[in-house]
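Single-structure report; data block below.
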Amino acid sequence: MRRNNLRAILALVFVAGFGTQAFARPTLASLKRLSREGLRVSAEIVSLGPGGQVLAHFHAGRALIPASLSKLYVAEAALSRLGARHRFALRIETTGPIVDGILHGALVVVDPGDPALVNDRIARVARWARILGLRRVQGPLVLVLGGFGRPPCRLVDRCRAQATSHHAYNAPLSSIAVNYGTYDLVAAPGPRRGAPARVAFDPFQPGSVGLDNRATTGAPGTGATLAITQKETPTGAMVSVRGTIAWKHPPVWLYVASPHPDQTALATWSGCFSRSGIAITDGARIEGQPPPGARLWFKSRGVTLETLLDRMLAYSNNFIADELTLDLAPKSRGARSLTLPQASTALARELWPTLRHFGASPRIVLRSGSGLSPQNRSSASDLIALLRAMYQDSMDFPAFWGALPPPAESPFAFLRRGQRIWRERFFVKTGTLNAPFGVLGLAGYFRLPGGRFGAFAILVNGSRRHPNISIGPMMRILRHTLEAWASHGAGQPVAAASRSTLLHRKDAQR
């Protein structure tokens, strides 16, 4: 009965939102209605720059689950520590001389924990080695498990992925993981309707991983409806593909979490060297440190941090966020493997002096940089402090803002809906979860009439009274609320003079 009441109110708010009064005087009335119905809400909208003011707020200091909005904290910490032009560099080392194309020793790969190490770059490294004349390794291929190593599992979703998974978002972590910790497969239709679909690993089948392909070729024009599952068996991981792909349909790429990212990485590196014509006679293995006598042969630099953050925020990539969190954590000699909650707590502690300066509360809690942990806590005012801090940072703001796509260019269809003002004048990060109850959050920047910037943060959490959130209707409510503010400029600030004055003074100090 209560859920039906909530649906009625959501529909009423949505319909009423298109009346002329909604745009005449922007308010947060629709959010207040949601709160009265039992949802937990935290919201704040501000204008930025000289004279910046709090335009509206509602329970702005209430700490809620931010879900993937947590990634904004990771982005700020990474830019502050590393800079937008930073690149993670692979070290390719050898333990002996190369004579007539033969390496008399081990070929060593030292990965510092690059979250964006993918097939193409590994293949390029192998090609470079071949161009430099390497034909045979009279020793092993060694992958060094450096960086943050292999952190113990602390998130339910990632722990489950070690046994089975139907998705890519929950891939286990490792500093030498490749392809965002996933198995990559490509599916294409067979030669005729009803024939088995063609399914293969990309670029090749890793190690002993099995493939159970039961996908078929469907009628022309029926699209692709494919499901992928990874499951651990007594003989190793098995990847299963089910469903149909239409005859003459273009290839479709499928991704699923790898339960053993280290072994997947080892198989990928070995396969790329073999495909480039480099024979390795003594197998491949993983070690914690480079073998004695290893010396640098050449380096391979990855994408810039700016590009990495674009992938993390635009696609809400959990793997990048949590690997970056671990990369940024302080390392202690002789300590046991760093856990993700420890690294996330350290990240929040590092950001606190800056965020406090812009009005954040000490209640920010991070247990994962990705936001997969339901223990994360943040309020709208905390997120506004983050957005204000980045806006005032002339060095890093372009990279931070550029990683937040306008909804018109979002990879997610539910964001691309709405009026032109929403699709082109907002720059948005979303956050969603469905356990222990529904979560939907939006935060980012928007352009006010005249070109000035504004910032917004809205978090909506379910409760025991109303645990579920329907993303579509809720997005329409939040979107319409924000469109009104962007349409009518700064308007009149809320009656919150003390907070507005404080923010203005901090702008001047900065």
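In this text, residue positions in the sequence shown follow the numbering used here: the first is -4, and each later residue adds one. Note that beta-carbon positions come from the ideal geometry of N, C-alpha and C, so glycine has one too. It should be emphasised that the depicted structure is a prediction, and the values quoted were computed from it without experimental measurement.
In this structure, P167 and L321 do not form a Cβ contact; the two beta carbons are roughly 12 Å apart against a cut-off of 8 Å. Between L34 and P369, the alpha-carbon positions lie close to 17 Å from each other. Around the Cβ of K326, a 10 Å sphere holds fewer than 16 other Cβ atoms; the residue is exposed. Shown here for D152: same chain residues with a beta carbon closer than 8 Å to its own, the five before and five after excluded, namely Y164, N165 and L367 in chain order. The three-state secondary structure of M390, taken from DSSP, is coil. Take the alpha-carbon of G47 and the one of R344: they are about 27 Å apart. The beta carbon of L112 sits closer than 6 Å to those of V173, all from its chain and outside the five residues before and after it, given in chain order.
Here H162 carries a coil assignment [DSSP, helix/strand/coil]. Within the DSSP bridge table, the entry for P287 names no partner. Looking at the backbone, the Cα of V137 and that of L77 are separated by about 28 Å. From the listed residues L29, V49, P254 and K294, the smallest Cα separation to R460 is found for L29. Segment contact: the segment 71 to 85 against the segment 252 to 268, fewer than three CB-CB distances shorter than 8 Å; contact not assigned.
With 16 or more other CB atoms across the displayed protein chains lying within 10 angstroms of its CB, A73 is buried. Look at F395 here: in three-state DSSP terms it is helix. Runs of beta strand (DSSP E) with 3 or more residues, each lying fully within the segment 410 to 471, are found at 421 to 428, 434 to 442 and 448 to 456, listed in chain order. When DSSP assignments are scanned along the segment 281 to 355, the uninterrupted stretches of beta strand (DSSP E) that are 3 or more residues long and fall wholly within it turn out to be 290 to 299. Counting only residues of its own chain and dropping the five nearest sequence neighbours on each side, D115 has no CB closer than 7 Å to any other CB. Take N371, set aside five residues on each side of it, and the residues of its chain with a beta-carbon closer than 7 Å to its own are I60, P61, S65, V360, L361, R362 and S363, in chain order. Nearest neighbour of L206 by Cα position, chosen from F432, P110 and L249, turns out to be L249. Assignment of E71 by DSSP, reduced to helix, strand and coil, places it in the helix class. Under the three-state reduction of DSSP output, K27 falls in the helix class.
At a cut-off of 3 residues, the continuous stretches assigned as beta strand (DSSP E) that sit fully inside the segment 34 to 98 are 35 to 42, 49 to 53 and 82 to 89. In the DSSP assignment, F143 falls outside any alpha helix (DSSP H), carrying neither H nor E. In chain order, Y175 and R306 place their CB closer than 7 Å to the CB of N312, counting only its own chain and leaving out the 5 sequence neighbours on each side.
Residue nearest to H52 within the set T334, G467, S376 and A158 is S376 (criterion: CA-CA distance).
Classified as exposed, F293 has fewer than 16 neighbouring CB atoms from the shown chains inside 10 Å of its CB. A direct Cα-to-Cα measurement between I223 and G288 gives close to 44 Å.
Our two residues, K226 and S203, have alpha carbons roughly 13 Å apart in a direct line. Per DSSP, K243 has no beta bridge partner at all. M233 is the residue among M233, P215 and T228 whose C-alpha sits nearest the C-alpha of N208. Taking one beta carbon from each stretch, the segment 384 to 395 and the segment 409 to 420 have fewer than 3 pairs nearer than 8 Å; the two do not touch.
Its Cα nearest to that of L102, the residue A121 stands out among S373, A121 and G108.
Under the three-state reduction of DSSP, E227 is assigned to strand. Residue environment for T276: exposed (fewer than 16 other C-beta atoms within 10 angstroms of its C-beta). Its Cα nearest to that of P135, the residue I281 stands out among Y440, V181 and I281. In this model, A183 and T177 are separated by some 19 Å (Cα to Cα).
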